[in-house]
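Colleague:
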Amino acid sequence: MLILVLALAAAVPPSAPVCVMPEGTRVHLELALSDEEKQLGLMFRDVLPADHGMLFIFDADGPLDFWMKNTFISLDFVWVSAAGEVVDVRAGVPPCRSDPCATYGSGKPARAVLEVNAGFAAAHGVRPGVQLRFENVRGFPVSGGKP
897 MLILVLALAA AVPPSAPVCV MPEGTRVHLE LALSDEEKQL GLMFRDVLPA DHGMLFIFDA
957 DGPLDFWMKN TFISLDFVWV SAAGEVVDVR AGVPPCRSDP CATYGSGKPA RAVLEVNAGF
1017 AAAHGVRPGV QLRFENVRGF PVSGGKP
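Under the working numbering, the residue at position 24 of the sequence shown is numbered 920, and the numbers go up by one with no gaps.
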């Protein structure tokens, strides 16, 4: 039994990147930092664990458009400012398995986009103006919200 407890505790290292929702739920993050990681995103995955998400971080604020090409699960897109404030949310974005695939943007400048399972944002109080807390995400949010 002790071995099982220790194995579970080791499954997510304490220094793993996390986003803390307004009501305290912790989302374990995969980071998409390189161009290749951003292009691949959550493509070709059949499942995303309920307490996981992918954070795409960009070098500067700007309009960030996303699509669901070859993504097999519905997602919520959460656009986040450099200071960690939610700029916009697009809920329940459907999968797209063949062209043409729609693109989704916030219409407002953002520094990052958090992708989580469809329905997660509403269930956890994520809406524009809400502050998200990021732990162990190097360089994000940006101190003072500026580059």
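The beta-carbon is built from N, C-alpha and C at its ideal position, and this holds for glycine as well.
1. With a cut-off of 8 Å, do at least 3 Cβ pairs link the stretch 1025-1035 to the stretch 986-995?
2. Determine the DSSP secondary structure at lysine 934, reduced to helix, strand or coil.
3. What is the DSSP secondary structure of proline 1037, counted as helix, strand or coil?
4. Helix, strand or coil: which one does DSSP assign to phenylalanine 1091?
5. Could you spell out where the beta strand (DSSP E) holding glutamate 981 opens and where it closes?
6. Mapping the DSSP letters down to three states, classify cysteine 997 as helix, strand or coil.
7. When DSSP builds the beta bridges, which residues end up paired with threonine 967?
8. Excluding the 5 residues preceding and the 5 following valine 982 in the sequence, name in chain order all residues of the same chain whose CB lies nearer than 8 Å to its CB.
9. So, is arginine 1034 buried or exposed, given that buried needs 16 or more other C-beta atoms within 10 angstroms?
10. Identify the continuous beta strand (DSSP E) that holds alanine 928 and give its terminal residues.
11. Considering just the uninterrupted stretch of the beta strand (DSSP E) at valine 916, what are its terminal residues?
12. Under a three-way DSSP split, which group does methionine 950 fall into?
13. Under 8 Å, do arginine 1007 and aspartate 957 count as touching if we go by C-beta distance?
14. Rounded to the nearest angstrom, how far is the Cβ of glycine 1044 from that of alanine 946, given a contact under 8 Å?
Modeller: Taking the structure as given:
1. no
2. Within the sequence shown, residue 934 is the residue found at index 38, counting from 1. Lysine 934 falls in the helix class under three-state DSSP.
3. In the sequence shown, counting from the first residue as 1, residue 1037 sits at position 141. Looking at proline 1037 - three-state DSSP - the assignment turns out to be coil, as it is neither helix nor strand.
4. Nothing can be reported for residue 1091, as the shown portion of the chain is limited to 897 through 1043.
5. Locating residue 981 in the sequence shown gives position 85, where the first residue counts as 1. Careful: glutamate 981 lies outside any beta strand (DSSP E) and carries neither H nor E.
6. One-based indexing of the sequence shown puts residue 997 at position 101. Residue state, collapsed to three classes: coil.
7. Here residue 967 refers to the residue found at position 71 when the sequence shown is read from its first residue. BP columns for threonine 967 point to Cys992.
8. As a first step, residue 982 is located in the sequence shown; it is residue number 86 there, counting from the start. Excluding residues within five positions, the ones whose Cβ falls inside 8 Å are Val974, Trp975, Val976, Val1022, Arg1023, Pro1024, Gly1025, Val1026, Gln1027, Leu1028.
9. Counting from 1 along the sequence shown, the entry for residue 1034 is found at position 138. By the 10 Å Cβ count, arginine 1034 comes out exposed.
10. Indexing the sequence shown from 1 puts residue 928 at position 32. Looking at the DSSP string, the run of the beta strand (DSSP E) that includes alanine 928 is 922-928.
11. By one-based count along the sequence shown, residue 916 stands at place 20. Note, valine 916: beta strand (DSSP E), 914-916.
12. Here residue 950 corresponds to residue number 54 of the sequence shown, with the count starting at 1. In this structure, methionine 950 counts as strand in the three-state DSSP scheme.
13. As a first step, residue 1007 must be located in the sequence shown, where it is residue number 111. As a first step, residue 957 must be located in the sequence shown, where it is residue number 61. Cβ distance < 8 Å, so arginine 1007 and aspartate 957 count as in contact.
14. Outside the shown range of the chain (897 to 1043) lies residue 1044, about which nothing can therefore be said.
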